[in-house]
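*Asks:* Sharing a structure below in structure tokens format, with a few things to ask.
Next up, the structure:
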């Protein structure tokens, strides 16, 4: 009475075991399909590499033209500083607005992760100094990466930014940034961006821009400069123009670094796909040779049985 259920259980378990073996061993057809899909991916990554190389050429040209366009502001702001081993003690005031530049799309290596990491590091360093920091993010990837760990610090974000950037776009973004900056009376703002060095190297930099604070005994701002008309209005307009100019430069610099990183990432992906195709081709040839050998053995064994 107990053997029948056991036999039925064994019959039910046998197909499951066979399916498990079949799933664990890739068939010749499955290996071939994987080869085809990997070759298609290789074509896509190779095309993306060529597109990124063409875009990088344009970004290099625009960045070269934007560098002298922004050079006038060097007399009014400090030089950009590397984020590596930075202490951020040069950020003046008690309230700071941090503006990280990230990309709108992915598949560009680790540029967004580096910016997110340095954003957290900057906020932690400034918090240890007793400074209040808030964030305005430029780029969709930065918003998606930082909205959970820094949700209470993010005041605004600019996503869906058109590529390539223009000065009119930078002016529009700078107006929104200045509204946030003036609404809570911040002392300084920090631009955090990827600095393009060459197609293989980019570095994380931060640029500090503070309000004009040089005053003489009479309270006159920037006494070493003479202005036509109301000096306070001229200085305010010049400060807003400097923010737009610096934002435009940082955006172009970050864009060039993004294309260089994407070109390198797609080159590595294409190389990895080629190595995977070689490995799959070897596995496919082995499986095909094993199938042919098995068929030949079966034919020879059958012929020998008939003769015997």
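Numbering (the working numbering), first residue to last: 512 to 819.
Beta carbons: idealized from backbone N, C-alpha and C, even for Gly.
Nearest-angstrom Cα distance between residue 572 and residue 695?
*Replies:* Approximately 38 angstroms, taken between the alpha carbons.
*Asks:* Quick test of your reading: residue 609 and residue 634, contact by CB under 8 angstroms. State the CB separation rounded to the nearest angstrom.
*Replies:* Confirmed, about 7 angstroms.
*Asks:* Ordered along the chain, which non-local residues of its own chain (more than five positions away) have a Cβ less than 6 angstroms from that of residue 552?
*Replies:* Only 784 meet the Cβ criterion.
*Asks:* Take residue 642 as the anchor and find which of 594, 697, 681 has the nearest alpha-carbon.
*Replies:* Among 594, 697, 681, the Cα nearest to that of residue 642 belongs to 697.
*Asks:* If you follow the beta strand (DSSP E) that residue 712 is in, where does it begin and where does it stop?
*Replies:* It spans 712–721 - the beta strand (DSSP E) in which residue 712 sits, taken as one unbroken run.
*Asks:* List the endpoints of the continuous alpha helix (DSSP H) containing residue 750.
*Replies:* 742–818 is the span of the alpha helix (DSSP H), which, as asked, contains residue 750.
*Asks:* Could you check the C-alpha separation between residue 715 and residue 705 for me, to the nearest Å?
*Replies:* Straight-line Cα distance between these residues: approximately 5 angstroms.
*Asks:* Which class does residue 687 belong to by DSSP, given the choice of helix, strand or coil?
*Replies:* It is helical.
*Asks:* Is the beta carbon of residue 707 less than 8 angstroms from the beta carbon of residue 768?
*Replies:* In contact: residue 707 and residue 768 (Cβ atoms closer than 8 angstroms).
*Asks:* Which residues share a DSSP beta bridge with residue 848?
*Replies:* Only positions 512 to 819 of the chain appear in the structure, and residue 848 is not among them; the question remains open.
*Asks:* Only counting the same chain, and skipping five residues up and downstream in sequence, which positions put a Cβ closer than 6 angstroms to that of residue 616?
*Replies:* Within the same chain, residue 616 has no close Cβ partners at all.
*Asks:* Can you find the residues in the same chain that come closer than 8 angstroms, C-beta to C-beta, to residue 584, ignoring five residues on each side of it along the sequence?
*Replies:* For residue 584, where only same-chain residues beyond five positions count, the Cβ hits under 8 angstroms are 753, 756, 757.
*Asks:* Going by alpha carbons, who is nearest to residue 668 out of 680, 647, 560, 720?
*Replies:* For residue 668, the nearest C-alpha among the options comes from 647.
*Asks:* Starting from the C-beta of residue 673, find all residues in its chain whose C-beta is less than 7 angstroms away, skip the five residues before and the five after it, and write them out in chain order.
*Replies:* 680, listed in sequence order.
*Asks:* Beta carbon of residue 828, beta carbon of residue 623: below 8 angstroms?
*Replies:* The displayed coordinates of the chain run from 512 to 819. Any statement about residue 828 would go beyond what the structure contains.
*Asks:* What did DSSP end up calling residue 738 once you bin it into helix, strand or coil?
*Replies:* DSSP places residue 738 in coil when its eight states are reduced to three.
*Asks:* What is the C-beta distance between residue 604 and residue 721, in whole angstroms, given that I count them as a contact (C-beta under 8 angstroms)?
*Replies:* Confirmed, about 7 angstroms.
*Asks:* So residue 777 and residue 563 are in contact, right, with Cβ under 8 angstroms, and what is the actual spacing, rounded?
*Replies:* Sure, about 6 angstroms apart at Cβ, within 8 angstroms.
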